[in-house]
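Report on one structure; see the data block that follows.
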Amino acid sequence: MTSARRWAGGAGVVAFVVYAATLHPGIPGGDAGELASAACAGGVAHPPGYPLHGLLLRLFGLFGSKLTAFHLVSAVCSALTIALLVDLVGRWTKRPAAGLLAGAAWFASPLAWLYSTTVEVFALHALLVTAVAWALTRDLERGTKQSALLLGLFSGLALTHHQTALFVVVPLLAGRIGQRTFWLWLAGGVVIGFTPLLLLPLWSGNDTLFSWGDQRSLSGFLTHVLRREYGTFQLASSENAGTGLGPFLSAFAQFEARQSWALVAVLAVAGLFHAKRRWLLAGLAALALSVGLFGALANLPLDNPLFRDVVARFFLMPHLLLCAAAGLALSRRDVRFSIALAGVLVLSGVLQRPHHDALAVKNYGLALLDQPEGALVLTQGDLIGNSMRALQACEQVQPGLRVVDQQMLSYDWYTTRLRRVRADLVIPEGTRWHPTDSGTFRLAQFLGANAQRPLIVCGGFKAGEAIQVQAVAWGLCDRLIPAGAPFDAEAWFEESEARLPSLGWTSANAPQGSWEERVRRDVWHARAQRGLTALNLGIERKDDVLWLTRAWEILQDCAERDEAPQPSVFKNLGIAAGRLGKTAEMKVAWKRYLAVAPREDPDLPSIRALVER
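Start counting the sequence shown at 135; every next residue gets the next number (my numbering).
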């Protein structure tokens, strides 16, 4: 083994040990739960399917705890990325220390570290794109059929894994034009790299609700691989509107400023002056496509902290390009200086590394699944659905619950599969759920047909259809009371208190925009909803003092102890206080409401008049 390879191998081993020691100990938020559940149940992940990633999860899942093994896949991929990056930049500069600097830049990035220790697709994405650059460099050095085949193989694997690889792979392959022959061998390698896609129809044949789409037909296969249900190169369905390219570029600049205190970006700019013209153009084209074109197409509103955190994952690819460029900055400097700077980057990474919350998302999912046996549970939202899926599919928690995702219920393939897998549920006539389309059924029909079961809705109802049913707060969810069904209010009050999620497994200091912050918000929302249910009962019973007092006490607790109470808490607290004759307390609550109230609230003039009286 040459000196350069020893540097690369050593860096990869050290990175793997560190990542393995800092693996997420539970269930992360985001898509992690859905990816894990698809692998555990033998199904297909969300578009475009990620077949190679799914295969690796299945293989690693054969050993030990499945969730831990799944997290380990990302650790292995990121360690290999660092090893390849060290070797790649070392080849470019003929200085292993320059490669070490590039590897340290990636290792030190907090977001890269986060996705190196959780079950996600981005660690493998980075590995495959780095492998394409590494194989291209090797091909230019050797110019053999085998090197061209290897380059094509990695290119095909990268393109089948994640669509955004196109933004890097195409400019890199364009840089090969006029350099070498054996293009047919390269094309053959691409075809071989596409073979993991054949796994999608195979896995789609498994009848499980922990699977997305139906890839057994050509139309279904292309719909899934091309992400037609979202929009190719888009992050959400067309009903969402992004905030434009300008805010996207601004968010990327802010992201880079946080990666090792902008040191990587500064080194990358300096490194570009040492790049050869052909590869400088290829790198700049890849960077422009990854940031500019994708930023113009991405359609999530970045003024939402949670969506901004989701979009940040797609900054990893251009950041990887900057890490490679950073290694060029000191390619002509003293080796000891390069190693010292790499050490500074590593230290910054340790100081900025993510600290995983072991309890929040897992306990959130357990609380959502704490439902009466045989209940029909309608869900809406990624955090809700994915945390429940991971626990049901991978840890067999509450397998008897009939959990139905409202978004998926709007797809023909999901309704068809639901009829087969959940034969004990009554599915009305129609191809799918839709509030208005002909040939579909309504959600109210679905609920009415299954009214003999306990009916639970988590995350509210999907917009578009008015559901005329009484809903009462029920832990993190709502329990639906069908028309004419008896309702024991006292029993509800006692049981709903017992079902209240604990604040103990949430953190008041969770980072803004994180899934852990969303968990804490939902826990406080559940408490406020219980207060609202008590308030409605008090009003329905002609200002019953007992129920109004209960509502006032619950809402007062939310107003005083919640770090960021919703405006509705103050509004409802004022209503409860006013009906109890607590005029002073009513005015205090409504003054706080007026300071944060949404402008479109039609009650604002009357509330303001009562406060000023």
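Where a beta carbon is used, it is the ideal one built from N, C-alpha and C, also for glycine.
Distance CB(residue i)-CB(residue j) smaller than 8 Å
i, j, result
"phenylalanine 386", "valine 425", "yes"
"alanine 138", "glycine 277", "no"
"alanine 668", "leucine 634", "no"
"alanine 142", "glycine 290", "no"
"leucine 456", "alanine 399", "yes"
"histidine 295", "leucine 334", "no"
"tryptophan 658", "aspartate 696", "yes"
"tryptophan 686", "leucine 671", "no"
"leucine 235", "glycine 461", "yes"
"tryptophan 724", "valine 745", "yes"
"phenylalanine 580", "glutamate 563", "no"
"alanine 94", "proline 244", "Residue 94 falls outside the range modelled here, since the chain spans only 135 to 747, and no answer is possible."
"alanine 409", "alanine 463", "no"
"arginine 654", "alanine 662", "no"
"valine 480", "alanine 238", "yes"
"alanine 509", "phenylalanine 344", "no"
"glycine 327", "phenylalanine 288", "yes"
"proline 699", "tyrosine 727", "no"
"glycine 309", "alanine 416", "yes"
"histidine 205", "leucine 157", "yes"
"glycine 97", "isoleucine 688", "Here the chain has residues from 135 to 747 only, and residue 97 is not among them."
"leucine 285", "leucine 270", "yes"
"arginine 551", "aspartate 341", "yes"
"alanine 597", "proline 616", "no"
"proline 185", "leucine 356", "no"
"threonine 252", "tyrosine 153", "no"
Other residues of its chain near residue i: CB distance less than 6 Å, five sequence neighbours each side excluded
i, result
"alanine 299", "Val263, Ala292, Leu293"
"threonine 329", "none"
"proline 439", "Gln646, Gly647"
"alanine 578", "Ile601"
"glycine 499", "Ser521, Met522, Leu525"
"valine 469", "Ala231"
"serine 338", "Val178, Asp348, Gln349, Arg350"
"cysteine 211", "Ala257, Leu258, Leu261"
Cβ-based burial, residue i [other Cβ within 10 Å; buried from 16]
i, result
"tryptophan 317", "exposed"
"serine 351", "exposed"
"lysine 676", "exposed"
"proline 182", "buried"
"isoleucine 311", "exposed"
"threonine 570", "exposed"
"phenylalanine 621", "exposed"
"alanine 149", "buried"
"valine 255", "buried"
"aspartate 348", "buried"
"glutamate 390", "buried"
According to DSSP, residues forming a beta bridge with residue i
i, result
"valine 538", "Leu512"
"isoleucine 473", "DSSP lists no partner for isoleucine 473."
"aspartate 822", "Past the edges of the chain, shown from 135 to 747, lies residue 822, and the structure says nothing about it."
"arginine 613", "Ile590, Val606"
"tryptophan 639", "Tryptophan 639 is not bridged to any residue."
"tryptophan 567", "Phe575"
Cβ shell of residue i (< 8 Å), same chain only, five flanking positions each side left out
i, result
"methionine 135", "Note that methionine 135 scores 49 on pLDDT, short of 50, meaning its location in the model is unreliable; the coordinates nonetheless yield the value given after this. Taken in chain order, the residues that qualify are Gly143."
"lysine 716", "Trp686"
Own chain residues within Cβ distance below 7 Å of residue i, not counting five before or after
i, result
"arginine 556", "Arg536"
"glycine 515", "Gly593"
"glycine 429", "Leu379, Phe382, Leu383"
"glycine 146", "Ala213, Leu214, Ile216, Ala217"
"aspartate 539", "Thr513, Gly519"
"leucine 406", "Leu414, Ala459"
"tyrosine 545", "Arg566"
"aspartate 504", "Gly609, Arg633"
"serine 199", "none"
"glutamate 651", "Ala644, Pro645"
"tyrosine 548", "Met542"
Contact with chain D by residue i, beta-carbon distance below 8 Å
i, result
"arginine 442", "No chain D is part of this structure, which consists of one protein chain only."
Report the residue ranges of all alpha helix (DSSP H) runs contained in full by the stretch 276-351; include only those spanning at least 4 residues, in chain order.
-> 279-295, 300-308, 317-327, 333-338
Unbroken stretches of the alpha helix (DSSP H), 4 residues or longer, contained in the stretch 569-606 = 577-583
Please specify which runs of the alpha helix (DSSP H), each continuous and at least 4 residues long, are wholly inside the stretch 189-229, giving them in chain order.
-> 200-227
Please go through the stretch 619-679 and give each complete alpha helix (DSSP H) segment of 4 or more residues, from N-terminal end onward.
-> 623-632, 649-674
For the stretch 403-465, list the alpha helix (DSSP H) runs that are entirely contained and at least 4 residues long, ordered along the chain.
-> 411-422, 428-431, 439-445, 450-462
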